[in-house]
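Below: one structure, written as structure tokens.
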Amino acid sequence: MSCPDKKKSNAIVAREVVQAVAMPAALLGKGLILTANDAFCRLSSRSASALQGLSLLDLVDATTRPHLQAAVLACTEHGGAPPVVSGSITTPDGGQRPVEIHARRICLGDLTKVVVTCVDLSDVMHVQGSLLGMTKMLSQIIDGAPVPSMVIDRHHRVTHWNTACERMTGIKRNEVLGTRDGWKAFYREQRPLLADMIVDGVDEATMQSFYGVAMNRSATIAGGVEVEAFFPGFGASGKWLFFTAAPLYDADGQVIGAIETLQDVTARRTSEEEVLRHRNELEEIVRQRSAELADTARELKWFVASSPIGVAYSSGGIIKRINPAMAEMFGYAGPDMIGMPARKLYLSDGDYASFGRYAGPLLSQGEPIHSEMWMRHADGHPIWVQIDAHVADTKDTARGTWWMMQDRSDIRDAQLQLQARITELDAMNHQLEEAQNQLLQQDKMASIGQLAAGVAHEINNPIGFVSSNLNTLRQYVNSLFSLGEACDAALAAPADATLASALAQKREEVEIDFLREDLPQLLDECADGLGRVKKIVQDLKDFSRVDHSDWQEADLNVGLESTLNVVRHEVKYKAEVIKHLAPLPPVMCLAAQLNQVFMNLIVNAAHAIVDKGTITLLSGVEQDWVWVQVEDTGSGMSAEVQRRIFEPFFTTKDVGKGTGLGMSLSFSIIQKHGGAIQVRSSVGQGTAIRIWLPVAGPQALAKDAKPPVWEHEHEHTA
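And the structure:
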């Protein structure tokens with residue numbers, strides 16, 4: 002290819018053309034810069050003179066040089082359009098300017114030159130970098146947001162599915178990103194999501210066809226839509242979700258996608274439903290209670306009106322409300338008492354003031370009052386009234402007071418009469434007690450007389466033979482005295498044969514050998530008789546316990562033995578006495594009184610035996626109780642007799658042979674000791690009576706304490 006002449010003018014034209022180009026441009030010859038325009042100078046941060054004669058390859062970084070060298074060579078040798086070279090121009094300060102380099106061959110005469118143009122990509126790269134950074138930041142915001150969120154583009158493909166959305170739906174983002182399968186997290190069959198409808202720009206009626214009244218336009222986001230609905234297929238048992246969808250716009254205001262955020266409001270909806278349920282229940286309870294209160298008010302009004310007790314309501318000392326019974330009790334017509342001062346119902350100002358001093362402080366503290374007093378009837382006569390009152394409102398005691406009153410005049414008269422009758426009965430009871438005490442004393446005296454007769458009989462026997470022995474002893478002593486006189490005479494005249502003969506004769510008359518044998522026996526019999534008397538007297542003393550009249554510890558076996566000795570005359574001709582007495586601990590008791598009980602039991606046992614029998618005395622201890630038992634083989638008792646044996650004056654003995662007070666007195670004594678009497682008897686087979694006594698005495702006895710069970714007994718617990 003040939004070029005026209007006029008080289009100089011062509012070179013100038015080429016420089017001018019390069020200078021006229023707006024973008025950075027330079028003219029190369031043999032790879033060196035011949036000229037460069039101002040834009041190129043600015044791009045390379047060098048002046049035109051500094052660039053002239055500089056190799057273009059020296060302006061680019063090392064990675065760009067091979068590609069740029071190949072492009073310039075191809076352009077110079079082949080004249081074709083080489084590919085665009087992307088690289089960086091290095092500034093003198095070491096900076097990098099991203100550029101796109103274009104090379105084109107031109108002919109200047111017979112010379113071939115290359116025009117190089119550069120496109121400065123700094124702003125483009127900055128914008129792209131900024132956009133990329135913004136995109137990454139937005140992605141991080143969406144992905145890191147605690148609110149489940151998803152984004153779709155204009156083609157309904159999922160572009161974002163954040164971590165919170167993964168946790169809520171259980172679907173990983175890599176399963177849905179780039180797909181149109183976002184609906185699978187919420188529905189069992191394919192249908193558009195709210196974001197899909199916003200991208201498609203469907204109208205509100207179409208949206209409501211899917212969500213109904215649950216859908217609302219967002220008040221805060223332009224074009225946004227809010228829905229709260231229950232998703233039965235979401236999760237294990239369905240959930241309430243509140244989700245918001247809003248459109249995404251480009252710079253021209255065109256919809257390029259939509260973002261949808263989700264919120265699990267199941268707990269709130271459950272709470273709201275629970276609150277609603279409770280509110281409905283409360284409203285129902287209030288309705289029922291209101292109805293009940295209304296019914297109660299009607300019933301109370303009817304009850305007050307029909308009550309036989311006078312009922313009134315007063316406030317500030319004025320009667321405000323009253324029932325017919327109250328008006329009738331005071332002798333007024335009902336309406337006449339409304340507005341009446343309460344003072345009018347009292348007998349005097351003093352009574353009114355006195356009652357006020359009593360009732361005022363109690364009522365002011367919300368306390369009820371109960372009282373009785375004389376009040377005034379309408380005709381002026383006094384009536385005895387029972388008063389019960391309480392304030393209407395304990396929180397506001399000045400509000401008023403309810404009064405309930407009853408005319409107790411007849412009851413008071415009856416009480417006075419009853420009190421008078423009680424006084425009379427007390428006097429009669431005192432007289433009866435005196436009579437009973439006299440009878441008991443008579444019974445004691447009769448027992449003592451009978452006891453004295455028996456004891457006298459028991460004492461007479463040893464006293465009789467002691468007295469007889471004493472007479473014999475007197476004779477023996479007289480004989481011994483006469484023998485002594487004979488001995489004295491013989492000793493005075495030992496040679497007198499007459500006195501010696503008289504002494505021998507006196508010795509034979511006295512029967513000295515007999516006396517020597519009989520006298521010790523006679524004295525032993527006297528000593529035995531006196532010992533028996535002494536024993537009887539000691540038993541009498543032990544029986545009466547005259548030196549132990551207070552509560553003291555005693556051995557009941559000793560008392561039983563002494564009592565048996567005292568009443569032996571009542572027993573020895575009727576029964577054989579068998580004793581099975583176990584060792585007993587000392588018992589806190591009145592021993593003399595218990596001995597009297599033992600005497601009654603032993604004597605009754607002897608009297609129950611018709612001809613000849615056996616009386617058995619037993620004793621024992623169980624837990625904190627001791628017992629003494631008297632058994633006989635007598636005639637026994639029927640059930641009817643057993644029920645009555647402890648009644649005063651009841652006796653089965655013939656008239657004149659018993660007062661009927663012995664067993665009653667025994668029961669009282671055992672009762673005083675906190676013990677019990679138990680009876681076992683069969684007609685024709687005999688009777689057993691057991692006495693239980695607490696070891697420590699009645700003072701230490703626990704409340705409701707009972708002795709151990711004696712099987713098959715008819716028990717009388719004192």
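Counting from 2, one number per residue, gives the positions in the sequence shown under the numbering used here. For glycine and all other residues, C-beta sits at the position ideal for the given N, C-alpha and C. Every value quoted in this text rests on a predicted model; they were computed, and no experiment measured them.
Per DSSP, the bridge partner or partners of residue i
i, result
"Glu1", "This structure does not reach residue 1, given that the chain is present from 2 up to 719, and the question cannot be answered."
"Lys114", "Ile107"
"Asp121", "Val100"
"Glu512", "The partner list for Glu512 (beta bridge, DSSP) is empty, contrary to what the question assumes."
"Gln476", "Answer is none; Gln476 lacks a bridge partner."
"Gln331", "Position check: residue 331 holds Phe in this sequence, whereas Gln was assumed. According to DSSP, Phe331 bridges with nothing at all."
"Val312", "Met405"
"Ser372", "Ile388"
Cutoff 8 Å; reference residue i; Cβ partners in own chain excluding five residues on either side
i, result
"Gln420", "none"
"Ile320", "Ala313, Tyr314, Met338, Ile339, Gly340, Met341, Pro342, Ala343"
"Ile310", "Ala326, Met405, Met406, Gln407"
Proximal residues to residue i (C-beta, below 7 Å), its chain only, five neighbours per side dropped
i, result
"Phe231", "Gly239, Trp241"
"Asp551", "none"
"Met169", "Pro149, Leu263, Asp265"
"Asp394", "Arg400"
"Gly335", "Ile323, Pro325, Ala328"
"Leu585", "Asp556, Leu557, Asn558, Ser620, Val622, Val627"
Candidates the options: closest to residue i by CA position
i, options, result
"Ala246", "Ala640, Arg344, Leu194, Val684", "Leu194"
"Ala593", "Val622, His608, Tyr574, Ala555", "Ala555"
"Gln53", "Val61, Ala63, His156, Cys42", "Cys42"
"Ser150", "Ile102, Thr262, Gln432, Lys580", "Thr262"
"Ser665", "Ala491, Asn605, Lys114, Leu44", "Asn605"
"Ile257", "Met638, Glu227, Gly202, His391", "Gly202"
"Gly685", "Ala82, Met429, Ala703, Ser636", "Ser636"
"Leu557", "Pro99, Lys573, Met589, Pro521", "Met589"
"Ala165", "Ile143, Ile646, Arg155", "Ile143"
"Glu227", "Met198, Asp253, Gly254, Asp251", "Met198"
"Leu474", "Gly225, Ala21, Lys173, Leu520", "Leu520"
"Thr617", "Ile671, Val559, Arg691, Leu585", "Arg691"
"Thr77", "Asp389, Asp497, His157, Leu33", "Leu33"
"Leu364", "Glu512, Asn163, His391, Pro83", "His391"
"His581", "Ser307, Val117, Gln630", "Gln630"
C-beta contact flag for residue i and residue j at 7 Å
i, j, result
"Glu632", "Ala689", "yes"
"Pro695", "Trp626", "yes"
"Ala503", "Ala493", "no"
"Arg422", "Trp385", "no"
"Tyr333", "Arg322", "no"
"Val152", "Val177", "no"
"Gly675", "Pro708", "no"
"Ala576", "Ile610", "yes"
"Gln387", "Gln418", "no"
"Val305", "Asn281", "no"
"Leu516", "Tyr477", "yes"
"Glu571", "Ala528", "no"
"Glu229", "Ala206", "no"
"Phe244", "Phe187", "no"
"Leu348", "Pro383", "yes"
Residue i versus residue j: straight-line alpha-carbon distance, rounded
i, j, result
"Leu294", "Ile286", "12 Å"
"Gly96", "Ser50", "20 Å"
"Leu122", "Ala71", "21 Å"
"Gly318", "Thr402", "9 Å"
"Ser87", "Ala104", "12 Å"
"Val14", "Leu29", "14 Å"
"Ala146", "His161", "12 Å"
"Ala292", "Arg299", "11 Å"
"Ala75", "Val18", "23 Å"
"Pro369", "Gly361", "10 Å"
"Asp62", "Leu249", "42 Å"
"Leu433", "Thr424", "14 Å"
"Ala237", "Phe211", "23 Å"
"Asp182", "Glu273", "33 Å"
"Pro93", "Arg66", "17 Å"
"Arg47", "Thr64", "21 Å"
"Pro233", "Ser219", "25 Å"
"Ser410", "Val312", "18 Å"
"Asp612", "Ile464", "29 Å"
Own chain partners of residue i with C-beta closer than 6 Å, once the 5 adjacent residues on each side are dropped
i, result
"Gln1", "No answer is possible for residue 1: the residues shown for the chain start at 2 and end at 719."
"Arg344", "Tyr353"
"Phe599", "Leu561, Thr564"
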